[in-house]
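Below is one structure, written out as structure tokens, with a few remarks after it.
In the working numbering, the protein residues as written are 3 to 241.
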């Protein structure tokens, strides 16, 4: 038989309804948690003292890792790692570059693989945007440091090893819902104010129309009086 077209959802009449729909859908789907996170977009590394490597992003005990790239000192990853954040004001984001095992079949193990170098960043240092909301981003090419806090260099050179990342703070869904609700309230207030102003204008227009009607009646009366006087004057002259 013929395919039955899916029913069309009615268009929401105003922006506020669309926001309410988003909130309702999120509640219905169970998406609302208060879990913020950091997205670490690992672009690549430069001048590593190893030709096989991978990158790990860690906040507290939550660890996410890229795949490995072999055969180059300056690998390109272009991978996004999403790490949960519980204490945004105090949590530390640790980005580590590790040496990948030379054995092709060996599994990557951040707990035992050799750390080439690392970078530590306070989440609050990039997570808080200029407008004071938690929506900050940061793109940086950062020097890798060893376990003693000293720069890591490419083997046999004084060229510093670096990692290039794009960082983005992602607000928890509950917070996003609160922002949506705040925007919805603002829209409702604006609508109420607009309605009140429109009602005020309608009353003003009604008053002006009534005034115009009165003046039109007065004018008609004056014209009638003038015509009457002209007729009387004309009759007087005829006599």
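For every residue, glycine included, the Cβ atom is placed at its ideal position computed from N, Cα and C.
Would a C-beta distance cut-off of 7 Å place residue i and residue j closer than the cut-off?
| i | j | result |
| --- | --- | --- |
| residue 125 | residue 95 | yes |
| residue 136 | residue 173 | yes |
| residue 143 | residue 166 | yes |
| residue 119 | residue 148 | yes |
| residue 99 | residue 40 | no |
| residue 102 | residue 69 | no |
| residue 42 | residue 61 | no |
| residue 83 | residue 109 | no |
| residue 171 | residue 129 | yes |
Check the DSSP bridge columns for residue i and list the partner residues they point to.
| i | result |
| --- | --- |
| residue 64 | 61 |
| residue 143 | 166 |
| residue 52 | Answer by DSSP bridge pairing: none, since residue 52 is not bridged. |
| residue 43 | 82, 168 |
| residue 38 | 87 |
| residue 199 | None; residue 199 has no bridge partner. |
| residue 130 | 136 |
Determine the direct distance from the alpha carbon of residue j to that of residue i, and round the result to whole angstroms.
| i | j | result |
| --- | --- | --- |
| residue 92 | residue 127 | 10 Å |
| residue 90 | residue 122 | 14 Å |
| residue 222 | residue 191 | 46 Å |
| residue 59 | residue 169 | 11 Å |
| residue 155 | residue 64 | 28 Å |
| residue 235 | residue 228 | 10 Å |
| residue 153 | residue 116 | 16 Å |
| residue 224 | residue 215 | 14 Å |
| residue 97 | residue 113 | 14 Å |
| residue 196 | residue 189 | 10 Å |
| residue 271 | residue 213 | This structure does not reach residue 271, given that the chain is present from 3 up to 241, and the question cannot be answered. |
| residue 198 | residue 132 | 36 Å |
| residue 105 | residue 52 | 14 Å |
| residue 217 | residue 240 | 34 Å |
| residue 194 | residue 185 | 14 Å |
| residue 141 | residue 158 | 29 Å |
Complete runs of the beta strand (DSSP E) confined to the region 59-125 [at least 3 residues]: 64-67, 78-87, 94-101, 117-124
Can at least three beta-carbon pairs, one atom from the region 48-57 and one from the region 155-172, be found at a separation below 8 Å? yes
Check whether the region 205-220 and the region 61-76 are in contact - that is, three or more C-beta pairs closer than 8 Å. no
Mind listing, in chain order, the continuous alpha helix (DSSP H) runs of no fewer than 4 residues lying wholly within the region 201-230? none
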